[in-house]
Each structure stands twice: as C-alpha cells, then as structure tokens.
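For the sequence shown, the positions run 199 to 748 when my numbering is used. All C-beta atoms, glycine included, are put in the ideal place defined by N, C-alpha and C. Bear in mind the structure is a predicted one, so any value in this text is a computation, not a measurement. Following: one structure in structure tokens, then a few remarks.
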Amino acid sequence: MKNNNTRFIPFLLAICLIAGIAIGTFYANHFSGNKLGIINTSSNKLNALLRIINDQYVDTVNMGELVEEAMPQILSELDPHSSYIPAKDLEAVNADLKGSFSGIGIQFTIQNDTIHVNSVIQGGPSEKVGLMAGDRIVEVDDSAFVGKIVTNSEAMKRLKGEKGSKVKLGVYRPGEKDLLHFTVIRGNIPVKSIDAAYMINENVGYIKVNKFGETTYPELLIALAKLNQKNCEGLIVDLRGNTGGYMAAAIQMVNEFLPNNRLIVYTQGRKSPREDYNSNGTGSNQKMPLVVLVDEGSASASEIFAGAIQDNDRGTIVGRRSFGKGLVQQPIEFSDGSAIRLTIARYYTPSGRCIQKPYEKGKESEYELDLLTRYEHGEFFSADSIKQDETEVYHTRLGRPVYGGGGIMPDIFVPQDTTGMTSYFRMAANRGLIIRYTFDYTDQNRITLQKYDTPEKMEAYLKGQNLLNKFAAWAEKKGLKRRNNLMMKSRRLFEMSLYGNIIYNMLGMEAYVEYLNESDKTVLKAVEILEKGESFPQAPSPQATTDKKE
Numbered sequence: 199m200k201n202n203n204t205r206f207i208p209f210l211l212a213i214c215l216i217a218g219i220a221i222g223t224f225y226a227n228h229f230s231g232n233k234l235g236i237i238n239t240s241s242n243k244l245n246a247l248l249r250i251i252n253d254q255y256v257d258t259v260n261m262g263e264l265v266e267e268a269m270p271q272i273l274s275e276l277d278p279h280s281s282y283i284p285a286k287d288l289e290a291v292n293a294d295l296k297g298s299f300s301g302i303g304i305q306f307t308i309q310n311d312t313i314h315v316n317s318v319i320q321g322g323p324s325e326k327v328g329l330m331a332g333d334r335i336v337e338v339d340d341s342a343f344v345g346k347i348v349t350n351s352e353a354m355k356r357l358k359g360e361k362g363s364k365v366k367l368g369v370y371r372p373g374e375k376d377l378l379h380f381t382v383i384r385g386n387i388p389v390k391s392i393d394a395a396y397m398i399n400e401n402v403g404y405i406k407v408n409k410f411g412e413t414t415y416p417e418l419l420i421a422l423a424k425l426n427q428k429n430c431e432g433l434i435v436d437l438r439g440n441t442g443g444y445m446a447a448a449i450q451m452v453n454e455f456l457p458n459n460r461l462i463v464y465t466q467g468r469k470s471p472r473e474d475y476n477s478n479g480t481g482s483n484q485k486m487p488l489v490v491l492v493d494e495g496s497a498s499a500s501e502i503f504a505g506a507i508q509d510n511d512r513g514t515i516v517g518r519r520s521f522g523k524g525l526v527q528q529p530i531e532f533s534d535g536s537a538i539r540l541t542i543a544r545y546y547t548p549s550g551r552c553i554q555k556p557y558e559k560g561k562e563s564e565y566e567l568d569l570l571t572r573y574e575h576g577e578f579f580s581a582d583s584i585k586q587d588e589t590e591v592y593h594t595r596l597g598r599p600v601y602g603g604g605g606i607m608p609d610i611f612v613p614q615d616t617t618g619m620t621s622y623f624r625m626a627a628n629r630g631l632i633i634r635y636t637f638d639y640t641d642q643n644r645i646t647l648q649k650y651d652t653p654e655k656m657e658a659y660l661k662g663q664n665l666l667n668k669f670a671a672w673a674e675k676k677g678l679k680r681r682n683n684l685m686m687k688s689r690r691l692f693e694m695s696l697y698g699n700i701i702y703n704m705l706g707m708e709a710y711v712e713y714l715n716e717s718d719k720t721v722l723k724a725v726e727i728l729e730k731g732e733s734f735p736q737a738p739s740p741q742a743t744t745d746k747k748e
C-alpha cells in the first residue's frame, strides 16, 4: 500500500506545478494589464503600446497621425541624418535630385500675393504658348489665384502635374488692358545641377556644381567638352554650398580625373561589409590641372569628391573646412508612399578618413548649430582657429598628412570675406529688401535692360543709375532707417548685391555666377594657383617630415 502511494507522488507534484503556473499567470495578467506579454518581447513593445493606446486611452486617438509623429522621433535617436519622409513630401524630396519633373517651365517669385514670372525656360511648355518674363499669373483653371492663398507650395501644387495634362492660366501682362489666357500642356522640365560652365580667362575653365543628381555626370561631360573646345588648360570645380546627393554621381565624376585603379571611396557598416569604389581609367581629363573649391556648406557627395582628389594628390583643395557628413543613407519606401532614409554605413576617403563629424545622442541641437559654433570660434576667418584631431592623422599617396575628425580641411585656406559688412547691410539683406527692390526694378525696366546681353554690359549700365541711393530711399519707406555712413562703408556689398540680382533676373544663373566670381577671393586664388602651375600637390620634403616627427 505504501509503495502504491509513493508511485503517485511525482504525478501529483506535476499537477500542482501546472496549476500554480496557471493561477500565477491569471493573476499576473489580471492585475498587470498584460505586462508580461509586452516586456518579454521588446521587438513588439512599440506595437503593443500603440495597441494599448488604441484600446484603452481616455480619448479617441488618430493612430495614423500618432505614428507619423513618432517615426521622425525614433529615427532621430539613431543619428543626425536618418530621417522619415511622409508620403505627401516624398515626391518633392526626390524631385530635386531627379533629372526632370513635369510642369509648365517657368521660374517665378511671389510678390504682393501674386505669382510673378521671373523667366521662361527656353523650349519649355510656357515659352511655346507665349508666356513671357514679367507676366503675372492671376488665374489657374478658371479660378482666381491671388491673395493669401498664393503660397509657394500651393503654387507648385497647381502648376505642376502629370506630363501631357493641361492647365489654363489667366495672365496679367503690363501694358495690356485685358487678361490674356493660355492653355499650357505640361511637359518634362530639366532640373540642372550645374549652374555655370565658362572660361574665366583664356586658359582657365570654371564649373559650378550645385548638387549631385541623376543627370549631374552627363552635365559634367557636356561642360568639360564645352570648355575643352575653348582650349581649357586648367579647371576649377566649385562645390561650395553643395550639400551632396547621390554617391554614385560623385564617384562617376571623380573617375573623370583619376588614372586607373585609384581608390575613390569605400563604405563600411555593421551589416554592410567594406566595399571599395575604384577608378577604371576611362576618364577623359586625367591630366587636367585641377582646383576644387569647398566651404562649410559642402557636404556628403561633395566631400567624397574633394576627399578623393586630395588623398590621391590629384589636385588642390581651396576654401574652408567642409561640413562633415560621412554617413550613407539607404532609401526604404513603405506601401503607403512614405519612406525612410536609414544610415547603413559610413564612407571613408582613400586614406581611411571618416569625414563624419562627431555627434552625441541627445545633443541634436549642438550638432545642428555646429556651423554657428565654428563661426563664433573664428574658424571662417582664420585657419589657426580650426581644431583638427591630430590623433587621427592619415596620409595621402605622396605622404602628405591629412586629418580625421570631421570634414575636409582644404590645402589652402581662404577666409570668409567680411569687408564692408555693417549692421545696415545685414538688415537690408536679412529682411529680403534687396531682393524685393531688384525684382521691382527689373520688372519696371525690363525693356531697357534687354539691350544688355552680358554681365559686363549690364553692370556698366547699372553703375550709371545711382541704384544705391534709390534703394536707400525705397528701403526707408519699408521701415529700414537710412544710415548714410554705414551705407557708404557697405557700398561695395550693396552694389554687388543690387547689380548681381538684376543680372540674375535678366540673364540667368550662369551670368550671375560669372559676375560674382570677378571679385570672389576664393576663385581668384584658384586662378592664381592654376596660372602658376601649382595645382598638383608635391610630396613633403624629408626635412619637413623630420620636423613633424620631432
């Protein structure tokens, strides 16, 4: 009898254990609100939180809006450049780097709650039907489009559209009594990424690249062919203010200048094994003397280009330290049309430098204000104010030292030019008064200004028009008190801005860049380097190397 009772003891213990687990789970679930199910699987914690909010929150919650607001916050915890793009913004974000978009083919500004046509793109849909610079668009598809409703985003929304679609415009043209009506068939409008390509003098060519998009490399080839036909013997590539774009475009462009099998850049990340990108020797300008211009606005793909040229000792970098963005983003789209740009790797220059400047979690504002901090430290005005991390020293092919820690430090530093800067000029510029005045002046004098077809001719004419005094009188009516002493101190800056904006309004971007370059100290330094035949870096002397080690 005793043996039989002993035989059932393990069975009874198993039943008790199972019952205990069941009772414990019941009370845990009952009193903790399913806590165990949430915390035991952290990957599902966010979904569980949203489910609980949807089921139990005191008020009705728009879950879609909540997710849209949460996505950017989550990604901001990773790094400064991973980002979320809502579906409504994705097309506009992508369009800037695409080779074209569908629209009516005008450049416009909004003045006094009305669309003013600045220029009509040559060969575009608007030119074909007869729209002209100076026209005011006051109706779109038979509805009035003036007043507070006229914003830049709303104007773009109404004027852009699918290729082949039609938009009916009501236009007021100065000098005409009645409104003019045009039906424009939307078409592909090219998005240029090269602002200017021209010969600065008989020997030196200049190319200004504003971004690295889908068509930038073909545009570069066309620009190089144009300059080579004019016997270009030295080239300036201006990347100042170029915030980047597609890495592939930068690699293709650098390839034009490097001999075969030179490392251009490599990428590497936790889930992304190292991948090298090398030149293939097909470049058509491998021996062209080259100077690359950078500044604090040059970032990402611009830094790939400049870093590859510098580390391969292919040319001279001139200007100020670049921004310092060395993270590779992969676009990932969701089914609702939104997308994220997720950092998956870092990129490194041929010498091994990671160009990404330091960042810390929770200090996003410090990262965003880095350029202001650089300015306050005097970095824009003196090379000695630039703090480079000398513990991160690397070497170019010739053995020249270059440093990590963020950005590309130029071989030749050119400080920001603040000659003539006064509070009066700064207020006039920051309030947009110079742009507004020059637009009005252009609009009122368009017929006369059309007689001058080069920046030089137009500048010569404008110098005789007493524009500075006319501007000061106009600006005073807009609330900017006239300050004659400060105005005279800033005379050169005022005249450059006034003449430059009018040249841009009448002759376009390339003429505007050409005019500004005439007195740009960084450009003039680049020309000097090329004319002296000093664009190809030299290996450091043994004595200099010894001194550095000591």
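- Burial state of T720 is buried, judged by a 10 Å Cβ sphere holding 16 or more other Cβ atoms.
- Note on S549: 16 or more other CB atoms within 10 angstroms of its CB, so buried under the neighbour-count rule.
- Take G303, set aside five residues on each side of it, and the residues of its chain with a beta-carbon closer than 6 Å to its own are I319, G322, P323, S324 and I387, in chain order.
- A check of alpha carbon separations from S281 across M269, T514 and S496 identifies M269 as the nearest.
- Beta-bridge partners assigned by DSSP to I308: I313.
- The DSSP-derived three-state label of I302 is coil.
- For G517, there is no enclosing alpha helix (DSSP H); the enclosing beta strand (DSSP E) covers residues T514 to G517.
- DSSP places R680 in the coil class of the three-state scheme, outside both helix and strand.
- Looking at the DSSP output, A543 bridges to V526.
- For G322, no alpha helix (DSSP H) run applies, since DSSP gives it neither H nor E.
- Counting only the Cα atoms, I383 lies some 6 Å from G362.
- Using a Cβ distance threshold of 8 Å, D340 and K358 do not count as a contacting pair.
- The Cβ-Cβ distance between D534 and R518 does not fall below 8 Å.
- Exposure of K355 is indicated by the presence of fewer than 16 other C-beta atoms within 10 angstroms of its C-beta.
- Taking a C-beta distance under 8 Å as the contact criterion, I515 and D393 do not qualify as a contact pair.
- Cβ contact annotation for F692 (same chain, cutoff 6 Å, sequence separation greater than five): L666, in chain order.
- Beta-carbon to beta-carbon, R629 and D511 are separated by about 46 Å, too far to satisfy the 8 Å threshold.
- Three or more pairs of CB atoms, one per stretch, sit closer than 8 Å, so the region 695-705 contacts the region 645-661.
- If you look at P653, you'll find it in the alpha helix (DSSP H) that goes P653 to L660.
- Secondary structure of S351 (DSSP, three-state): helix.
- The Cβ neighbour count for D509, taken over all protein chains shown within 10 Å, is at least 16; the residue is labelled buried.
- Counting of Cβ neighbours within 10 angstroms places Y404 among the buried residues, the total reaching 16 or more.
- Classified as buried, F306 has 16 or more neighbouring CB atoms from the shown chains inside 10 Å of its CB.
- Using a C-beta cut-off of 8 Å, the region 480-490 makes contact with the region 430-439, since at least three inter-stretch Cβ pairs fall below that distance.
- Apart from sequence neighbours up to five positions away, the residues of its chain that approach T465 with a beta-carbon distance below 6 Å are E473, V526, A543 and Y545, ordered along the chain.
- Bridge partners of C430 according to DSSP: none are assigned.
- By the Cβ-count criterion, E558 is exposed, with fewer than 16 other Cβ atoms from all chains shown falling within 10 Å of its own Cβ.
- In this structure, the alpha-carbon of G603 lies about 11 Å from that of Y592.
- The closest CA to that of S500, considering only Q528, L276, T646 and R438, is found on R438.
- Using a Cβ distance threshold of 8 Å, N453 and N426 do not count as a contacting pair.
- When DSSP states are grouped into helix, strand and coil, R689 belongs to the helix group.
- Closest in alpha carbon position to I462, among T547, F637, D718 and A627, is T547.
- The beta-carbon separation of E712 and Y396, rounded to 6 Å, stays under the 8 Å limit for a contact.
- When secondary structure is reduced to three states using DSSP, G385 falls in the strand class.
- For P372, the number of other beta carbons within 10 angstroms of its own is below 16, and it is reported as exposed.
- Non-local C-beta neighbours of R551 in its own chain, meaning closer than 8 Å and more than five positions away in sequence, comprise G505, D509, E590, Y592, V600, Y601 and G602, ordered along the chain.
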